[in-house]
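Here's the structure we're looking at; comments come further down.
There are 6 protein chains.
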Amino acid sequence: MPQSPGRYPLAELKNVPEDIREHILKVQEKAGFIPNVFAALARRPAEFRAFFAYYDALMLKENALSKAEKEMIVVATSGANNCVYCVVAHSAMLRVYSKQPLLADQIAVNYRKADVAPRQRAMLDFAMKVATESYKISDQDFVTLRSHGFNDEDVWDIGAIAAFFALSNRMANLTSMMPNAEFYSMGR
Amino acid sequence: MPQSPGRYPLAELKNVPEDIREHILKVQEKAGFIPNVFAALARRPAEFRAFFAYYDALMLKENALSKAEKEMIVVATSGANNCVYCVVAHSAMLRVYSKQPLLADQIAVNYRKADVAPRQRAMLDFAMKVATESYKISDQDFVTLRSHGFNDEDVWDIGAIAAFFALSNRMANLTSMMPNAEFYSMGR
Amino acid sequence: MPQSPGRYPLAELKNVPEDIREHILKVQEKAGFIPNVFAALARRPAEFRAFFAYYDALMLKENALSKAEKEMIVVATSGANNCVYCVVAHSAMLRVYSKQPLLADQIAVNYRKADVAPRQRAMLDFAMKVATESYKISDQDFVTLRSHGFNDEDVWDIGAIAAFFALSNRMANLTSMMPNAEFYSMGR
Amino acid sequence: MPQSPGRYPLAELKNVPEDIREHILKVQEKAGFIPNVFAALARRPAEFRAFFAYYDALMLKENALSKAEKEMIVVATSGANNCVYCVVAHSAMLRVYSKQPLLADQIAVNYRKADVAPRQRAMLDFAMKVATESYKISDQDFVTLRSHGFNDEDVWDIGAIAAFFALSNRMANLTSMMPNAEFYSMGR
Amino acid sequence: MPQSPGRYPLAELKNVPEDIREHILKVQEKAGFIPNVFAALARRPAEFRAFFAYYDALMLKENALSKAEKEMIVVATSGANNCVYCVVAHSAMLRVYSKQPLLADQIAVNYRKADVAPRQRAMLDFAMKVATESYKISDQDFVTLRSHGFNDEDVWDIGAIAAFFALSNRMANLTSMMPNAEFYSMGR
Amino acid sequence: MPQSPGRYPLAELKNVPEDIREHILKVQEKAGFIPNVFAALARRPAEFRAFFAYYDALMLKENALSKAEKEMIVVATSGANNCVYCVVAHSAMLRVYSKQPLLADQIAVNYRKADVAPRQRAMLDFAMKVATESYKISDQDFVTLRSHGFNDEDVWDIGAIAAFFALSNRMANLTSMMPNAEFYSMGR
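Chains as they are written, first to last, in this note's numbering: chain A, 263 to 450; chain B, 263 to 450; chain C, 263 to 450; chain D, 263 to 450; chain E, 263 to 450; chain F, 263 to 450.
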């Protein structure tokens, strides 16, 4: 693994618990490299396991949100939280899943200008509310989302992704985690 | 379990997976009641398991932060996020752990006025920065915290609790989760 | 009287003008103790008299707002202003008047989640606008309040309480006034 | 008295209690006209009396703050609260007392650019903190003000004026009180 | 030319390029004095020429906005940006063009309270959105403005003036440019 | 020229004045395509000429700021203003000039985390202050910048670029100008 570009040393594969090593090797096999978030969190095994179990529960689950839509939520809310790691890494994933190479850069700066469907616009409006002023969430927000075809389980999914990245953005900013160079041009 | 006071039905114990039922029963045995957060999240087993694994990793771990100090972080940042559930439930725990019955109400409104040690004040200043403007975290913040005796692992612990409750507050606000009546007067 | 917990010495009863001493003794008789706000302001007799004359004109007046509703306004706006004294002291009074022991803690953190009637919700929406962005008050706000049964005198009453506590919260924060221990558990 | 330019009718002199009429006539004699704030509040006699007793206690008191300095505080904080009545009326008074006809317009827009002494700049910095984020007031603010020659009673005076106009600005915005035409050009 | 009241020396007429000298002399002939903005920018000829070419293109153009309406936009947005030079200088011009001597002081503090027509209120609402949160501009804003009789070219004109003074306010704040004494009382 | 992706039709080359057509053709020759900002503004010839004269005066001038440093200012402040056009187009130019393909994406999200020299960090801190709270600029800011080797002319250059893009970002948001597809991957 590379030297840490952040405030804490990145874990070395040989020193992490077996299950975490396997988890990371599988990711490396698929991605071609080890995203820094894995090496940054692996030094705290219990937190690593919980973090990625949560991540997988929200991001890998098959539901009404497409893979690209999930990444839209991550990119928009991470932009609002000024998280370099999450914007760059998940913009890459959004490009790959959406096959729209320009979309991520638009959403990262101002999702209101991005080339998305009205239903996705409503999804992002709500995700941003969860990210920035969740105390104002009201039943009216659910009514609006239902008018775009989302049911209450979908609303939970949208909100939970925004909530999870509220955590994730803060950990990346705390540790000064930087994106791997590979992410910047992936899927362009 | 009680009827949901929020936007989603609370899970019923008989319908949840065995490991989650056991987890909840153990909590009930200790607390004397089932805190709503358990019943609210149990309808999503994978998220429940990740959430409480994360919670336990941060809140139950023995480290340089006392149990009361961990709860101070939760109460202060949840106040900033206007999360009724987390402020009320964790104020109860802060009263219990600190044996200072007045402290939690002070910290929930304005931690700067609370009766805490300078080291705890520095801890809360940093936790609030993680909660509200994590993109501004700088190396200088680490220097300040070290001057109060915290090492870099302690800083991670402080920040990670604030980050985890950024998630937790948003889930509570999304689901409109309300605190059990028992919490309000516990430890007074 | 107790030693000051704030930045200025609390007045001693024997040193204050006669009318102020009588005012304070009457409060003490009713409450069982002397709330710190009386001892904190008594060192400035002219300001003391004006402050409590204003307070009484707004809070003791019989009008369309119940005693509990007046206290709801105080607790919600003092929460927004992060005033420990006012939130704790008036939460006590709200518990006493409303006989709903859980309400004050909810309103202090996020009145949108509190168990209040729609008319009270509209009242609090307006009070918070007075507290935080009064320059945006428009005729439309009056229309909304009238639709909930408030007439223009009621609107004045709601707004004037919010305005008075804009003053009160700032004086408490300036002097670092802390609530008497008695308030925290009163009415629970 | 003129017709109300605001949301509530202005009181007519013949209908107000004797003491209030005398108060207003005395003001009229001195100013040459009846400032709208008197006619706007006179319809609520108890509030009128408390308001002006408070006003007089803070603004007419002889202390370390000159009359012009008191008005500087009013103009700066009322500008921050976007209160047309208070900015226009007290800019007039600031011009009269300071004999510096340009100062008020500068302070109303940005006191940092106004032609004031360093001690007055420190006074205004603190007054603005009271007006906009009083929960952050710290002992360090007192140290700074002492370094400019203010003692703790002076700090109270500065803060109390800012606090009183937090109330006053909100009442003016609530009632949509507009300044008398006379104020705009007075003292230029 | 007078000595600079700001952070950079004001240009002297004899030292500026011929076209700029002529431009300034023409302004002086019309106004009776040289507004500081001309002397402040003349030390950078290329920027001077572009700045005033832009200014003239927006402010001198005959279009659906009256001269007074253009100045309303400048005063309102410059107030929001706390720019002393622009508020004072353009308030003078607004008084001259509108022949309403009280209007400018109202708009500078809170345009919502100013004595303007509904169409002008809509114009100012939009100009303020351009000034303070242009990323939220939506097609709905255009619909609202059209309902007040503005076509899309008018919307461009409104927005472009607000955008140009976003630049102008920042240059004035950067250089600490102060208004000439003449402006304060002009047109009262 | 392409069809407008924004709210106003893009000018067609054949319909614009001769000097503007030449200007645009020269840009096209150099860039290989016509950036949308040229076609969007060309329908207003006088504004076009002033805009690009200003742009050239600030961005093409040889001074203490390298071409890459000028673009850093544009990208950071345009990110703060959520301007998709300016972030995407000038990130391309920053990549080309800096030959650091990762820098622009970092600066667009959070310049505090970007791989820049301390002097560039100070430059960006100041540019962001100009962009977001120019009324707070103080002499101390100049002292800080001088300690990094910038003289007062350099400070003007930094601030003027931030001020110009305050205008530019607002025009792009007003017209809903979108970046040409070519920009997104240029220089990666």
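Backbone N, C-alpha and C fix where the C-beta goes; we use that ideal spot for every residue, glycine too.
Below 9 Å on C-beta distance, what does residue i contact in chain B?
{"i": "D:Tyr397", "result": "Val371, Asn372, Arg374 and Lys375"}
Report the neighbours of residue i on chain A: residues whose CB is nearer than 7 Å to its CB, in chain order.
{"i": "F:Val358", "result": "Correct list: empty, because the minimum Cβ distance to chain A is about 15 Å."}
Compare the C-beta of residue i against all C-beta atoms of chain A and say whether one is closer than 8 Å.
{"i": "F:Gly341", "result": "yes"}
{"i": "F:Ala429", "result": "Here residue 429 of chain F is Leu; the residue named in the question, Ala, does not match the sequence. No, F:Leu429 lies away from the interface with chain A (no Cβ there is under 8 Å from its Cβ)."}
{"i": "B:Ala319", "result": "yes"}
{"i": "B:Arg432", "result": "yes"}
For residue i, go through chain D and note every residue whose CB falls closer than 8 Å to its CB, in chain order.
{"i": "E:Asp387", "result": "In chain order: nothing, as chain D lies at least about 15 Å away."}
{"i": "C:Glu309", "result": "Tyr316, Ala319, Leu320 and Ala422"}
Counting C-beta neighbours from all protein chains within 10 Å, is the total for residue i 16 or more, i.e. buried, or is it exposed?
{"i": "B:Ala422", "result": "buried"}
{"i": "E:Ser438", "result": "buried"}
{"i": "C:Ala312", "result": "buried"}
{"i": "C:Ala379", "result": "exposed"}
{"i": "B:Ser353", "result": "buried"}
{"i": "C:Gly294", "result": "exposed"}
{"i": "D:Lys375", "result": "buried"}
{"i": "C:Glu324", "result": "exposed"}
{"i": "B:Asn413", "result": "exposed"}
{"i": "E:Asp318", "result": "exposed"}
{"i": "B:Asn435", "result": "buried"}
{"i": "E:Lys391", "result": "buried"}
{"i": "E:Asp281", "result": "exposed"}
{"i": "C:Asp377", "result": "exposed"}
{"i": "F:Lys398", "result": "exposed"}
How close, in whole Å, do the beta carbons of residue i and residue j come, if the pair is a contact with beta carbons under 8 Å?
{"i": "C:Thr394", "j": "C:Ala342", "result": "6 Å"}
{"i": "B:His410", "j": "B:Ala389", "result": "Rounded, the Cβ-Cβ distance is 13 Å, inconsistent with contact."}
{"i": "B:Ala308", "j": "A:Leu429", "result": "That pair is no contact at about 16 Å."}
{"i": "C:Asn298", "j": "C:Met440", "result": "7 Å"}
{"i": "F:Leu356", "j": "F:Ala330", "result": "6 Å"}
Check the Cβ-Cβ distances between residue i and every residue of chain D, and say whether any is below 8 Å.
{"i": "E:Ser349", "result": "Position check: residue 349 of chain E holds Val in this sequence, whereas Ser was assumed. For E:Val349, the answer is yes, since a Cβ of chain D falls inside 8 Å of its Cβ."}
{"i": "C:Val392", "result": "yes"}
Since residue i meets chain F, which of its residues come closer than 7 Å, beta carbon to beta carbon?
{"i": "A:Leu364", "result": "Ala443 and Tyr446"}
{"i": "A:Gln452", "result": "The question about residue 452 of chain A has no answer, for chain A in this structure spans 263 to 450."}
Looking at residue j and residue i, is the spacing between their C-beta atoms short of 8 Å?
{"i": "C:Leu386", "j": "C:Met334", "result": "yes"}
{"i": "F:Ser360", "j": "F:Val349", "result": "no"}
{"i": "C:Val358", "j": "B:Asn344", "result": "no"}
{"i": "A:Phe445", "j": "A:Ala351", "result": "yes"}
{"i": "C:Phe310", "j": "C:Leu303", "result": "yes"}
{"i": "E:Val346", "j": "D:Gln290", "result": "no"}
{"i": "D:Leu327", "j": "D:Asp416", "result": "yes"}
{"i": "E:Ser396", "j": "F:Asn431", "result": "yes"}
{"i": "E:Tyr373", "j": "E:Ala424", "result": "no"}
{"i": "C:Arg400", "j": "B:Arg450", "result": "A small correction: the amino acid at residue 400 of chain C is Ser; Arg does not occupy that position in the sequence shown. No, they are not a contact pair."}
Going along chain F, which residues have a C-beta under 9 Å from residue i?
{"i": "A:Val417", "result": "Those do not exist, as A:Val417 stays about 25 Å from chain F at its closest Cβ, beyond 9 Å."}
Check whether the Cβ of residue i lies closer than 8 Å to any Cβ atom in chain B.
{"i": "A:Asp414", "result": "yes"}
{"i": "C:Val336", "result": "no"}
{"i": "C:Val299", "result": "no"}
{"i": "A:Ala312", "result": "yes"}
Measure from the C-beta of residue i to each C-beta in chain C and report whether the shortest distance is under 8 Å.
{"i": "D:Asn435", "result": "yes"}
{"i": "D:Arg247", "result": "The shown model of chain D, from 263 to 450, leaves out residue 247 of chain D, and the question about it has no answer."}
Which chain C residues are close to residue i, counting only those with a beta carbon under 7 Å from its beta carbon?
{"i": "B:Ser438", "result": "Lys375"}
{"i": "D:Phe426", "result": "Leu429"}
Does residue i get closer than 8 Å to chain F when you measure Cβ to Cβ?
{"i": "A:Val378", "result": "no"}
Does any C-beta atom of chain E lie closer than 8 Å to the C-beta of residue i?
{"i": "F:Ala422", "result": "yes"}
{"i": "D:Arg450", "result": "yes"}
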